[in-house]
Amino acid sequence: MTDWLDEINWNSDGLVPAIAQDHQSGRVLMMAWMNREALALTAAEGRAIYWSRSRNKLWRKGEESGHVQKLHELRLDCDADVVILHVEQLGGIACHTGRESCFYRVFENGAWRTVDPVLKDPHAIYHTGHSHE
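What the sequence shown shows, in full-length UniProt numbering, is residues 1 to 133, in sequence order.
If you want it as structure tokens, here you go:
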């Protein structure tokens, strides 16, 4: 039997883009990267675990902020090169800026406009300074 992880088309760095989406509203919360270990652990633990390219290590979403993403469903696209995680975002904040979603800017009239409020001051979330969580 083929390992389900072998069905994924990993990029040349051994990563796959992972989109976190609210399991109820459908809102896209964030995009991050996963390696084989991160994806396997996400499925096993039922929570989002990503690969931090900047820190070169596993990143358990919420390990510092407390804003854990509880996994409800995992999906793979038709080309097997992108995964979507349908999650419950504990605390209602996915973005390191203290917003619900990392996609809080809208392009209007040739410029990016911030449309979503900060729900919690990032300095109150991250005690050691933000390093993309």
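Idealized CB from N, CA, C, for every residue including glycine.
Note that the coordinates shown come from a computational prediction; the quantities given were computed from them, not determined experimentally.
Q. Around the C-beta of residue 65, are 16 or more other C-beta atoms found within 10 angstroms, so that it is buried, or is it exposed?
A. Here residue 65 is taken as the residue at index 65 of the sequence shown, counted from 1. When all chains shown are included, residue 65 counts as buried.
Q | Proximity of residue 85 and residue 21 at Cβ, strictly below 8 angstroms | A | Along the sequence shown, read from residue 1 onward, the residue named residue 85 stands at position 85. Along the sequence shown, read from residue 1 onward, the residue named residue 21 stands at position 21. Residue 21 is positioned such that its CB atom lies closer than 8 angstroms to that of residue 85.
Q | Paired residues, beta bridge with residue 13 - DSSP | A | Position 13 of the sequence shown, counted from the first residue, corresponds to residue 13. Answer is none; residue 13 lacks a bridge partner.
Q: Give me the Cα-Cα distance between residue 132 and residue 10, rounded to the nearest whole angstrom.
A: Residue mapping note: residue 132 aligns to position 132 of the sequence shown, counting from 1. Residue mapping note: residue 10 aligns to position 10 of the sequence shown, counting from 1. Residue placement at residue 132 is poorly supported in this model, since its pLDDT is 49, which falls under 50; the coordinates still yield a value, given next. Distance between the alpha carbons of residue 132 and residue 10: 23 angstroms.
(Q) With distance defined between alpha-carbon atoms, name the residue in 59, 88, 67 nearest to residue 73. (A) Reading the sequence shown from its first residue, position 73 is the one you call residue 73. The option with the nearest alpha carbon to residue 73 is 88.
Q: Provide the residue(s) that pair with residue 21 in DSSP beta bridges, ordered along the chain.
A: As a position in the sequence shown, residue 21 is number 21, starting the count at 1. Answer is 28, 86, bridged to residue 21.
Q | One or two residues paired with residue 71 in a DSSP bridge | A | Stepping through the sequence shown from its first residue, residue 71 is reached at position 71. When DSSP reads this structure, residue 71 sits in a beta bridge with 87.
Q) To the nearest whole angstrom, what separates the beta carbons of residue 83 and residue 41, a pair I think is in contact under 8 angstroms? A) The residue you call residue 83 lines up with position 83 of the sequence shown. The residue you call residue 41 lines up with position 41 of the sequence shown. No, residue 83 and residue 41 are not in contact; Cβ-Cβ is about 13 angstroms, not under 8 angstroms.
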